[in-house]
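Notes follow once the structure below has been shown.
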Amino acid sequence: MTAELANAFIDEHTVDDTLFERIARDLEQQGYSIQPGALPAPLVATLMEHQRNIDAAQFFNAGTGRGLDYAQNELVRTDEICWITGTSAAGQQWLDWASRLQVYLNRRLFLGLFSFESHFAHYAPGDFYRKHYDAFKGEANRQLSIVVYLNPGWSVGDGGELVLYRNDQDPEGIKVTPLLGSIVTFLSEDFPHEVLPAKRDRYSIAGWFRVNTSVAERVDPPR
Ligand code: OGA
Ligand code: MN
């Protein structure tokens, strides 16, 4: 490695670690973290361009549940999703970044995060995702949720906010504008949340870090 390359490598990772530390501290103190515009700019640009170029055929209506439980439930959510498998360079760059976050949080908070699954999501005007939990206490192994936004220039009247409720009794929650590069993380079992209908196309990535719940006879698939 040349000195120049080594410096570029160190810089990139120092930047990441500063951000990862802010996220870790928030998670430790309040169980969630909102970091406006914090995703590194080159990664944001790559993801935004990639998402806009994904063939519409690769998106499918998001149902809730998995496997045999999978049901398209238009009362709950109406967005379209495309799983990120790492077959594209952009997808792989995202997975690499998420993996560095995973390693950092495991070291810092002993979360035991074991695997990661994520998808692009497209909400057309009027689409929504009603109040839900990403995981249920005791049964699920989704531990930490992450959402990043890929919308340049979002304004107040555009709607489409994520509303993160601190608990079931929280009447108003925290509204997050889905603005380019913003990162939201929260403990999956602890924060009900919803996506309000937007007036324009809304692009994001949603992901979940999971703990390993495999037992001898039942291997738990990554998704
Ligand atoms: C989800 C979700 C939030 C958002 O996909 O489970 O809650 O702001 N997404 O897109
Ligand atoms: Mn969710």
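For the sequence shown, this note's numbering begins at 93 and goes up steadily by one. Glycine included, each C-beta is placed from N, C-alpha and C at the ideal position. All of these numbers come straight from a predicted model, not from anything done at the bench.
Closest by C-alpha distance to residue i, when choosing among the options
i, options, result
"Val248", "Leu288, Asp262 and Gly299", "Leu288"
"Phe112", "Trp175, Glu96 and Pro132", "Pro132"
"Met140", "Tyr295, Gln122 and Val195", "Tyr295"
"Leu203", "Glu96, Asp108 and Glu120", "Glu120"
"Lys267", "Gly273, Phe206, Leu279 and His285", "His285"
"Asn145", "Pro128, Arg258, Ala182 and Ala290", "Ala182"
"Trp300", "Phe208, Val255, Ser180 and Val240", "Phe208"
Residue i: CB within 7 Å of a non-hydrogen atom of the ligand OGA
i, result
"Pro270", "yes"
"Leu111", "no"
Any non-hydrogen atom of the ligand MN within 7 Å of residue i CB
i, result
"Ser318", "The requested residue 318 does not occur in the structure, where the chain is confined to residues 93 to 315."
"His214", "no"
"Asp262", "no"
"Asp226", "yes"
"His211", "no"
"His105", "no"
Short Cβ contact (8 Å threshold) for residue i with residue j
i, j, result
"Gln235", "Arg192", "no"
"Thr277", "Glu253", "no"
One or two residues paired with residue i in a DSSP bridge
i, result
"Glu209", "Trp300"
"His224", "His285"
"His214", "Glu172 and Tyr295"
- Any chance you could list the alpha helix (DSSP H) runs of at least 4 consecutive residues sitting entirely within the stretch 121–204, in chain order? 133–145 and 181–201
- Return the chain-ordered ranges of every alpha helix (DSSP H) run that is complete within the stretch 234–305 and spans a minimum of 4 residues. none
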